[in-house]
Structures are given as C-alpha cells and as structure tokens.
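Q: There's a structure below that I have some questions on.
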Amino acid sequence: MSRDQILEVDRLTMRFGGIVAVQDLSFAAERKKITALIGPNGAGKTTVFNCITGFYKPSGGAIRLSHDDGKVIALERLNDFRIAKQAKVARTFQNIRLFPGMTALENLMVAQHNALMRASGFTLLGLIGAPVYRDAEKRAIDLATDWLKRVNLLDRADDAAGNFAYGDQRRLEIARAMCTEPALLCLDEPAAGLNARESAALSELLLSIRNELGTSILLIEHDMSVVMEISDHIVVMDHGVKIAEGSPREVRDDPKVIAAYLGTDEEEAVAVMESGS
Amino acid sequence: MKASTSKQQSAPSALNPGFILKKAVISAAVALVLFSLMVGLRTEAGPSGQLIYWTRFGDLATMVAGVFLGSIAMELLRHWWGPVGTDRFVPPVVRSGIAVAGRLVAPVLLVFTLLVPVIFYNQRYILDLGILVLTYVMLGWGLNVVVGLAGLLDLGYVAFYAVGAYSYALLATNFDLSFWVCLPLAGILAALWGVLLGFPVLRLRGDYLAIVTLAFGEIIRLVIINWQSLTGGPNGVSGIPRPTLFGIPLTADEDGLAAKLGIEYSPTHRIVFLFYLILALALLTNWVTIRLRRLPIGRAWEALREDEVACRALGINTTTTKLTAFATGAMFGGFAGAFFATRQGFISPESFTFQESALVLAIVVLGGMGSQLGVALSALAMIGGFELFRSLEGYRMLVFGMAMVLIMIWRPRGLIGHRAPTVYLTKAHAISSDLVKEGHG
C-alpha cells in the first residue's frame, strides 16, 4: 500500500446467500483526493460502502485504511462503531439519517460524542460540572458552529433537523459526518434529490473540504455533473465488478462504461456523459 | 371509522338528513347488538344453583334511543361547527395565559410539595398519599431514562424496584447495616441487575425487547418467592429497620430525636421525615437526569432513540450506551425500592407484580416520554387521581380507564409532548413531538 493511498480495497467479495453483490473488487482511493464510485443502479456501490464502513462483514478480501501517521488499519476486522471511532471513517446515508427530533446543533454535538465522552471523564467529571468538561463542550459547540456556518445553516442551529428542507438535511448530514473529524469521508449519493443550484453548492462544499481541510472523500453519485466536476479519480462498477477506472476524462470516453450505463445504445450514453462535462 | 369520512363530507356541504339518519340507525343497531346481552338480559345463579334470568328491555330501549339521538346531535353539531380546531374552543387570550401558567407549573409544584407536610401536618392520610405519589414520581423519572430518553421499552422495571427493596431489607436485617449505607448498595445492586438484563436484550428491538423485559420482571419475582432460605419466600421480610436521621432514631425513646430536641414525641415526625426523604431522593433523580441529558451520554441516549444506525456510523458504542441507560434507570429503581422497604417495614413478593411495572410505564407514557415535568404531573394524576375516585367504589377502575383513554386520544404523545433541546446557540425552541421518535428498542 503506497504512502499516498488512504484506502485500499483488495479483492473485496460480498455474497448474500447465493447472490454475489460484489466480486473481487479492487481499487484504491488517494489521500486528500476525491474518489467517485459510479455505476448503474444495483451495481453494488452501496454494498461496497457498507463493507468499508462496517455495516456488512465482507465475505472475502481486505480493506485497508492508512492514516497520515502511517498506521494501517484492516477495516474488515473492525466492526460497526469502531470503524468510525478508531479508523476515523465517517459516512452519510442514501436515505438521510439525521436525528430528526434533535436540533441541528445537537446533531453535530452527538457527532462529537467520543471526544466529549473522554472530556467528561466518562460522565463523572461532567456530572459534577468540572471546568475541563465545560471547556471541551465550548470547543465542541465552536466546531459545530463552524460547520453550521460552512453549510450555511447557522441561522437554523436551534431548529429541529426533521423540519429542514431536503437539501438542508443533506448538507447537515455532511456537516455531522465532518464533526467526527474523519480521515476518510464516505458520501452515499449526496446530490440525490438536489436541484441544480444546490448541486453546485454541494460541489463547492466538497471541494472546500478537500482543499482546505485535506480530508479524503469517497463518493457514490449518480449526478454526473457533480461527479465529473469534482472527482480526481473515478471507479466504475457494474454487476458487482469493476469495469473501468481512471480520471473523469478517461472514464467518460470508455466504451465499456457507456455500454454499462445505457445498454448498448451508445449515442444516448455519450449524450449523458457529455451533459456532465 | 365513519366519523372521519362524514366530517369531510358534511362539514362544507349542505345538511344531509339521509346520511345523518343512516349513521344514527347504524350506531343504534350496533348499540342494540352490544347492549341486548349486556343490559337487556340479566342472569344470576338462583338459591339452589339454577340459572335465573330476567329482562330489562326498558333500560335497553333507553340506551339505544340515547345512542340514536346522540348520533344525530353529534352530526348536527359537526355540521354547524365544521372542522373543529382547538382555537374554536380556547380563545387566544386563554391560550397565552395557559402558556404563562405552563412555565410556572414546575416551580409552584415544587414549592407546594415542600410545604405539604406543613399544611397537612395533622392529616396523616394526605401525607401518606404524598409519599406514595412521590415514590411513583421517582420510579417514573427512573424509568423515563430507559423508555423516554433511550427509547428502550422496559416492561419489567419493577424487578429493579424489588432488587432495591430486598437488598435493603436483607442487608439491614442480616448485617445491621444502616439505611444510609444500604441505600447506595441497593442502587448499585439494582444497577448491576440492570446491566445483567441489558446484556441478553441488546440485540432485541421493539416488541421482542418488551417481552424479554416482562419475563425478567417475572423471573425476579419468582426467584424471590422460591428462594425461601434467603428471602423468606411468600412470607416476605419483616422487621425492616426504620430510617434514622443520621443515626438518631425517630422514636419515643430517650435517645430519639424528639427527646433530644426536647419536644413532645409524635408519630407524625417519622411520616414527615419519610416525606422529605423520598422528596430528596426524587429530586436527586430529577437533577441527575437533567444533568445527564446535557452530557454526551444523555445526548447519545436520545440519539439512540432517534436512529441507532446513524449512531453507529458516528462511532457511538451502542452497546455500552444502552447498558448505561438500563443501569441508570435500574439504579433509581433500586433507590426507590430501598425507600419502599424502609417505609413499609415489611416487604413481600406481592408488592412487585407486573401491575406495578405497567403502572410506572403508564405514568411515563401518559406524562410524555422524556419530559420530567410531564412524568411528575402524570404520577400525581394517576396515583392521586385514583384516590380521588375512591368514592365511586366499583366504578373507580372504569372511570379511571376512561380518563386515560380520553387523555391519550387528545394528547397521544402524553401531557407534555414536546422536547426541550439540550444545548442551543441563541434560543431554545421546544421541538414538536411529531418529529421526536419514540424509539423502537
């Protein structure tokens, strides 16, 4: 695993009974880059995501994550919450999973649970109101405020997340994932259901996360305008296997990708791919 | 069933006598079928064991006619009023008044509770009732951590109450430990049992969790009944020491509190002491819960209730989070149990039946899950209100059940349905109960 790769997926296989959802998939995501995973519906993209983020245990293969300090973690051996806690992989969901009855600020505070737990001396220091904890809480609120500012939701900090418009919920979910201060941010169709203006704002947000904070991003997306604009590297899947990978330009011109996307009707495929460029 | 459609049809359109008549006839027919056996026919066992019966067709006719006319009257009212909103009945001035009063309820209630022993010093019955209500307030607040905050449906809460009560009773009678030493021990033991219960049920959700906790409550009770050598079985434990004021007993003896203070001894002293003791314990529960809600652990409980998958994606250990909720709730149950044992002086398995669990759960649900004030108000209504209906004798349970059904229809999310945020930047807005999840185990 080379030093500038943050994530290496090595011959990942995932079976559900007799169905092979992902077969021998290998790819790598580079550090401080945006890697996109695309493919038609049912290609197995979300399954790959669930394997990386620990929601599924892979049937075979390895997933390695390397931190900036050179520490390599085998993700397939960690289970659910430890991947977020120790490996620092954060994710969002295709069907937004905010805490609807909690305010935007509370959502972002929950994301900082582990840091705050330590600061509160696993509740005991917090219960007696120790200054150590109060400082930590203030810092956590500052971080949350900062993220609310970035996603342009600061004026709605004290409103219940369930009341937010769809696009705002998407941005809040990204902010919540970023509040865990992840090494790798996994986004499952962040632009789904957004209008053109919101998609453009999303692209800008993701670029700023990469450029200003240096967080590596792995993203599943159907919206080609977003994918082609911001991705540094694209992996294309179909029927559980990788059919192509490369820069946006290379992928766009690949006949196999075009065929996978729209059957064999290449003209339409070219039209779709070019609409994104 | 019919009501919702008729409301939409009849409200805006002209009066439709045919429809109203048809609905009234159907309602009367249903009433006739229901009441013909329940009211129309009365059966009893005769003196020599034979069945005797007589008819009450007059009563039956009155009831059916009442349903028929009532149905017509309802439809007419619905027609004149149109769709009914609360603002129709409650003018805005009154509503803003209620809002102001709502903010004052908690402090007024607290001050009143503090003054109860002063006001009702000579009314033993009221003091005893107050102690009972406060015990249930405390149990409600304890269960609220598990059910209201963490969203884990626990039908066996009485188990921890029993563990607390027996811990104190057995430690005090066998080892002569004082109440103040046993109280934390009872809490710790109950919390331990909370964790023991928590482990096997961590993977269960919703109905399955409820059933296992229900079984756990029964297991504890059956163990207490059958482990005769330790617990005395169905005979219970008697002669449980009364609490002391830091070592000074509240008795008529020479070293009792009354003698030391140089005042005349009265048995009410102990009742007042018990009243303030349970008040202090309940307020401790309340204070700790309010603090915990604002700490990461409390936020994690609520997040768990909202969405467990998202919690795991954020690196929250859902196992320990659930266990701490179980343990915290159980600990307060254990404190309440120890208090119960010292107040009664005698405990037996009969005090820890499923009915107690159901009652405490009803208090939490009726109060509004997660709301501290709501739980206190509903404990007052459920325990105190039940006493109010005592004069109704046989109909008490009926009236009480009807009241609960009505309250749950009007306020399906409990008396206090909204949620207060735990942290805010500019202003804490109450969050509507429509958004807050109930949790699913």
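Chains A and B, in that order, give the protein sequences.
Mapping to my numbering: the first sequence position 60 is 260, numbers consecutive.
Mapping to my numbering: the second sequence position 73 is 84, numbers consecutive.
By construction, the Cβ of each residue, glycine as well, lies at the ideal position given by its N, Cα and C atoms.
1. Check the Cβ-Cβ distances between Asn-314(A) and every residue of chain B, and say whether any is below 7 Å.
2. Could you check what DSSP says for Ile-63(B) in three-state terms: helix, strand or coil?
3. Listed from N- to C-terminal order along the chain, which residues in the stretch 423-435 of chain B have their beta-carbon within a distance smaller than 9 Å of any beta-carbon of chain A?
4. Looking only at its chain, what residues have a beta carbon closer than 6 Å to the beta carbon of Ala-176(B), apart from the 5 residues adjacent to it on each side?
5. Which one or two residues does DSSP pair with Glu-276(A) in a beta bridge?
6. Starting from the beta carbon of Arg-214(B), find every residue of chain A whose beta carbon is closer than 8 Å, and list them in chain order.
7. Less than 7 Å between CB atoms is the rule here; does Ser-320(A) satisfy it with respect to chain B?
8. Run the CB neighbour count on Lys-491(A), radius 10 Å, all protein chains shown included, and call it buried at 16 or more, exposed below.
9. Just to confirm the assignment: which complete alpha helix (DSSP H) runs, minimum length 4, are found wholly within the stretch 155-195 of chain B?
10. Can you give me, in chain order, the residues of the stretch 305-334 of chain B that have a beta carbon less than 7 Å from any beta carbon in chain A?
11. Taking 7 Å as the cut-off, decide whether the C-beta atoms of Gly-244(B) and Ile-236(B) are in contact.
12. Tell me the DSSP secondary structure of Ala-112(B) in three-state form.
13. Give me the residue from Ala-269(B), Val-158(B) and Phe-186(B) with the minimum Cα distance to Leu-220(B).
14. Assign Phe-227(A) to one of three DSSP states: helix, strand, or coil.
15. Do Ser-320(A) and Gly-329(A) come within 7 Å of each other at the CB atom, strictly closer than that value?
16. Using the DSSP secondary-structure output, state which residues sit across from Thr-303(A) in a beta bridge.
17. Of the residues Pro-455(A), Leu-353(A), Thr-303(A) and Ile-219(A), which one's Cα is nearest the Cα of Leu-405(A)?
18. Give the secondary structure of Leu-26(B) by DSSP, where H, G and I count as helix, E and B as strand, and everything else as coil.
19. Is it the case that the Cβ atoms of Val-213(A) and Ser-259(A) are separated by a distance below 7 Å?
20. How would you write the range of the alpha helix (DSSP H) that Thr-331(B) sits in, first residue to last?
21. Considering just the uninterrupted stretch of the beta strand (DSSP E) at Gln-205(A), what are its terminal residues?
22. Is Phe-363(B) near Val-206(B), with beta carbons less than 7 Å apart?
23. If you reduce the DSSP assignment to three classes, tell me which class Ser-425(A) lands in.
24. Are the CB atoms of Ala-360(A) and Thr-292(A) nearer to each other than 7 Å?
25. Looking at chain A, which residues of the stretch 331-360 of chain B have a Cβ within less than 7 Å of any of its Cβ atoms?
26. Considering Gly-57(B), what are the terminal residues of the alpha helix (DSSP H) in which it resides?
27. Are Asp-388(A) and Phe-299(A) closer than 7 Å when you measure CB to CB?
28. Against chain B, does Phe-281(A) count as a neighbour if the rule is that its beta carbon must be under 7 Å from one of theirs?
29. Which same chain residues, not among the five before or five after Leu-237(A), have their C-beta less than 6 Å away from its C-beta?
30. Helix, strand or coil for Asp-218(B)? Go by DSSP, reduced to three states.
31. Under the DSSP definition of a beta bridge, which residues are partnered with Leu-385(A)?
32. Going by beta carbon distance, what residues of the same chain come within less than 7 Å of Ser-368(B), once the five residues before and after it are set aside?
33. Roughly how many angstroms separate the alpha carbons of Ala-39(B) and Tyr-406(B), rounded to a whole number?
34. Does the stretch 135-153 of chain B come close enough to the stretch 276-296 of chain B to have 3 or more Cβ pairs within less than 8 Å?
35. Tell me the rounded alpha-carbon separation between Trp-91(B) and Gly-81(B).
36. Does the CB of Arg-211(A) have a neighbour CB from chain B at under 7 Å?
A: The relevant details are as follows:
1. yes
2. strand
3. Arg-430, Pro-432, Thr-433, Val-434 and Tyr-435
4. Gly-348, Phe-351, Ala-352 and Ile-358
5. Answer by DSSP bridge pairing: none, since Glu-276(A) is not bridged.
6. Within chain A, no residue comes near Arg-214(B); the closest Cβ sits about 13 Å away, beyond 8 Å.
7. yes
8. Since the first residue of chain A shown is 201 and the last is 477, residue 491(A) is not available in this structure.
9. 169-186
10. Leu-306, Pro-307, Ile-308, Arg-310, Ala-311, Glu-313, Ala-314, Glu-317, Asp-318, Val-320, Ala-321, Arg-323, Ala-324, Leu-325, Gly-326, Ile-327, Asn-328 and Thr-329
11. yes
12. helix
13. Val-158(B)
14. strand
15. no
16. Ala-360(A)
17. Leu-353(A)
18. coil
19. Correcting the residue identity first, residue 213(A) is Thr in this sequence and not Val. Contact: yes.
20. 329-355
21. 205-216
22. no
23. helix
24. no
25. none
26. Per DSSP, Gly-57(B) belongs to no alpha helix (DSSP H) and is neither H nor E.
27. no
28. yes
29. Lys-245, Ile-420 and Val-435
30. helix
31. Ala-290(A) and Ile-417(A)
32. Leu-166, Gly-167, Tyr-168, Val-169 and Gly-228
33. 25 Å
34. yes
35. 15 Å
36. no
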